[in-house]
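For reference, the structure is listed below as C-alpha cells.
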Amino acid sequence: MSEFKRIPPEQAQALRAQGAVVVDIRDQPTFANGHITGARHLDNQSVADFIRGADLDAPTVVVCYHGNSSQSAAAYLVSQGFSDVYSLDGGFELWRATFPAETAQGSAE
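Residue numbers 1 to 109, in UniProt numbering, belong to the letters of the sequence shown in order.
Now the structure itself:
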C-alpha cells in the first residue's frame, strides 16, 4: 500500500478483531477520558519510539477526533515505511457512537 485508506468504524472494528494496531493522536487528557479499547496514544514525543518498535507491515488504524487530523498522521506513517495504514472516518466521536462498549478510559494503554 503506497497510500493510506479511509475506513468507517465497522471496518476498523473488523481490523481490530484481526489484530490491527490502533493509534490515537488526540491530546493525552482527551485520550485518558476515552479511547478505543486497546489503542495506543501517539504524539510528537512518542512517535519515533513507536516507529522504531513497530511492525511496518501490520495493519495500523489512526484515530483522531473527527477523522481529519488522522489523515495527515496516516500519510506520515506511510512515508515512514508503514505498508497497511488506515484513517478512521468520523474519528473517535463516530466510533464512540457506533461501538460504545468498545471504549476505555485512563492513560495506561
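C-beta atoms are modelled at their ideal positions from N, C-alpha and C, and glycine is treated no differently.
Fair warning: this is a prediction, and the values are worked out from it, not measured in the lab.
How big is the Cα-Cα spacing for Gly67 and Leu88? In the sequence shown, residue 67 corresponds to position 67, counting from 1. In the sequence shown, residue 88 corresponds to position 88, counting from 1. Their backbone Cα atoms lie some 6 Å apart in a straight line.
Classify Tyr86 as helix, strand or coil using the three-state DSSP reduction. Position 86 of the sequence shown holds residue 86. Tyr86: strand per DSSP, three-state reduction.
Could you say if the stretch 11 to 24 and the stretch 54 to 74 meet the contact criterion of at least three C-beta pairs nearer than 8 Å? Yes, the stretch 11 to 24 touches the stretch 54 to 74.
Hey, Ser107 and Gln28 are a contact pair by Cβ (cut 8 Å); roughly how many whole angstroms apart? For the purposes of this step, residue 107 is taken as residue 107 along the sequence shown, with counting starting at 1. For the purposes of this step, residue 28 is taken as residue 28 along the sequence shown, with counting starting at 1. With a Cβ gap of about 6 Å, Ser107 and Gln28 count as contacting.
Is it true that the CB of His35 sits closer than 9 Å to the CB of Asp43? Translated into positions along the sequence shown, residue 43 becomes position 43. Translated into positions along the sequence shown, residue 35 becomes position 35. No, Cβ-Cβ distance for Asp43 and His35 is not below 9 Å.
Could you pull out every residue in the same chain whose Cβ sits closer than 7 Å to the Cβ of Thr30, ignoring the five residues on either side in sequence? By 1-based counting over the sequence shown, the position of residue 30 is 30. Answer for Thr30: no residue qualifies.
Using the Cβ count rule (16 or more neighbours within 10 Å means buried), how would you classify Arg52? Residue numbering aside, residue 52 sits at position 52 when the sequence shown is read from its first letter. It is exposed - the Cβ of Arg52 has fewer than 16 other Cβ atoms within 10 Å.
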